[in-house]
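A.B. asks:
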Amino acid sequence: MLRYALILFFVLCGAWLLLSGQWTVLLLSLGIASVLLVVLCAKRLGILDAEGLPLRLLPGLARYAPWLAGQIIHASVDVARRIVDPRLPISPSIIHVDAGQRSAVGRVSYANSITLTPGTISLDVADNQIEVHALTDDAAEELTRGEMARRVCSMEDE
Amino acid sequence: MFTLTGIALLVTMVLALIRAIKGPTVYDRILASNALGTKTVLMIAVLGFIVGEPDLYIDIALMYALIGFIGTVAVLKVSEFGDLGQAQSPRDGDKS
Amino acid sequence: MNLALDLISDALLVIGALFTLVGGIGLLRLPDVFTRLHGAGITDTLGAGAILLGLALAAGWSLLLGKLLLLLAILALLNPSASHALARAARHGIRRPWLDDPKI
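Chains as they are written, first to last, in our numbering: chain A, 1 to 158; chain B, 1001 to 1096; chain C, 2001 to 2104.
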């Protein structure tokens, strides 16, 4: 609890310094006051826990983000090519994929990754299954192969 | 090059506006306005570089990005429930 | 060195502008709201990402760089959330997406 409060305090201080960029006494003390107020609010709201600050995922995220960026570029080029193609070669479909991640944060990461990748959008999450709208058969097939699910799981396990 | 990017963004904003006017469903319009908002954020950032005061404009872009998201979600909620005060729809009740 | 950075920055800006335009065209050409979400998705991810990275390279080492990257992170977090909220609302509101295979 105290650990999360301290981490949140330093993260918020960093955010304040980044956004203000002023080093006068008045603004710095105002910043400290605002940060303390926010930490107090977070404590009263009860969000100072592993779910509110998913620090556990950060090391895995550093390895996952570049892979996701590569996937996004690959998928974007594919979707862009189909949009400018005069024949408009799309084949929309709705598929269901398993979200076997243990925590809610893992499932949210998976669903958000699906949406972030052009060509697939998560429509609904129910009973550890994600309903996905895929623009093309290729995108649907890519997703059912489960590479992304595996990587999100391994990010969670670290 | 900033000017070129700005022109491309303006053209895209016009395309999004056409979609917002044509509809046909309310979701198309919300999607178009959301896309317009994202483009506006980029446009403000690029505009800062064009006029040579990027430090000033980037703060506005940051604020616009945050407020635009809240606006989209608020409009979606009104369109689905007809009410901003309701915390949860009945069909969500069994899940959470 | 500086020239190379400028060239990469310009290239990223052009790529971003192109993908943004294609996303806008997709917004008009695609047949229904779900497929249009994919079109808007390109602009939100690769278009915004390339343009902001290009601007970040043009900004150089300063507070501005941090703010541009923060803006990129915010857009990368919020846009899929907005897309999903929209897709979910449309799924419950329209119920009949335009599908290639109508048996589902």
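Positions of the beta carbon are idealized from the N, C-alpha and C atoms, including for glycine.
#1: Given a threshold of 16 other Cβ atoms within 10 Å of its Cβ, counted over all protein chains shown, does L58/A qualify as buried or as exposed?
#2: Quick one: list the residues of chain B neighbouring I2025/C, beta-carbon separation under 8 Å, in chain order.
#3: Just verifying my parser: in three-state terms, what is the DSSP assignment at A1016/B?
#4: Which of the residues in the region 121-141 of chain A, read from start to end, lie with their CB under 7 Å from any CB of chain C?
#5: For I1030/B, which three-state DSSP category applies?
#6: Could you list which residues in chain C have their beta carbon closer than 9 Å to that of I90/A, in chain order?
#7: Cα separation between A2076/C and L68/A?
#8: Taking the DSSP output, what are the residues bridged to E191/A?
#9: For R151/A, I'd like the list of residues in its chain whose CB is within less than 7 Å of its CB, leaving aside the five on either flank, ordered along the chain.
#10: Hey, which unbroken runs of the alpha helix (DSSP H) at 4 residues or more fall wholly within the region 2051-2090 of chain C?
#11: For A162/A, which residues from the same chain have a beta carbon less than 6 Å from its beta carbon, with the 5 sequence-adjacent residues on both sides left out?
#12: Give me the Cα-Cα distance between F1049/B and G2047/C, rounded to the nearest whole angstrom.
#13: List the residues of chain A that A2076/C touches, going by C-beta distances under 8 Å, in chain order.
#14: Could you list which residues in chain B have their beta carbon closer than 8 Å to that of G2049/C, in chain order?
#15: Under DSSP, the alpha helix (DSSP H) around D2010/C begins and ends at which residues?
#16: Would you say A42/A reaches chain C, if we count a Cβ-Cβ gap shorter than 9 Å as a contact?
#17: Is the shortest distance between the beta-carbon of I2042/C and the beta-carbons of chain A less than 9 Å?
#18: Tell me, to the nearest whole angstrom, how far the beta carbon of T1012/B is from that of T2043/C; I am working on the premise that it is less than 8 Å.
#19: Whose CA, out of M1043/B, T1038/B, E1053/B, lies closest to the CA of I1070/B?
#20: Is the shortest distance between the beta-carbon of L28/A and the beta-carbons of chain C less than 9 Å?
#21: Flag L18/A as yes if its beta-carbon sits less than 9 Å from any beta-carbon of chain C, otherwise no.
#22: For V132/A and H2038/C, which I take to be in contact (beta-carbon distance under 8 Å), what is that distance rounded to the nearest angstrom?
#23: Whose CA, out of N128/A, D127/A, H74/A, D98/A, lies closest to the CA of F2019/C?
#24: Give a yes or no on whether 9 Å exceeds the smallest Cβ distance from A69/A to chain C.
#25: Please determine, among R2091/C, P2080/C, A2090/C, the residue with the shortest C-alpha to C-alpha distance to A1035/B.
#26: On the premise that A1008/B lies in contact with L2053/C, defined as a C-beta separation below 8 Å, what is that separation, rounded to the nearest angstrom?
#27: Pick out whichever of L1062/B, T1025/B, I1021/B has its Cα sitting closest to the Cα of R2091/C.
#28: Under 9 Å between C-beta atoms, does G2066/C make it to chain A?
#29: Along the region 70-82 of chain A, what residues have a CB closer than 7 Å to any CB found in chain C?
#30: Which bits of chain A does S2009/C rub up against, with CB to CB less than 9 Å?
C.D. replies: Reading from the atomic positions:
#1: exposed
#2: L1015
#3: helix
#4: I121, S122, L123, D124, H133, L135
#5: helix
#6: L2030, P2031, T2035, H2038, D2100
#7: 12 Å
#8: This structure cannot speak to residue 191/A, because chain A is shown only from 1 to 158.
#9: Y64, W67
#10: none
#11: Here chain A covers residues 1 to 158 and nothing more, so residue 162/A does not appear.
#12: 17 Å
#13: L116
#14: In chain order: nothing, as chain B lies at least about 10 Å away.
#15: 2002-2029
#16: no
#17: yes
#18: 7 Å
#19: T1038/B
#20: no
#21: yes
#22: Wrong, their Cβ atoms sit about 12 Å apart, outside the cutoff.
#23: H74/A
#24: yes
#25: P2080/C
#26: About 16 Å separates the two Cβ atoms, so there is no contact after all.
#27: T1025/B
#28: yes
#29: I72, I73, S76, V79, A80
#30: Chain A residues near S2009/C: none, gap ~18 Å exceeds 9 Å.
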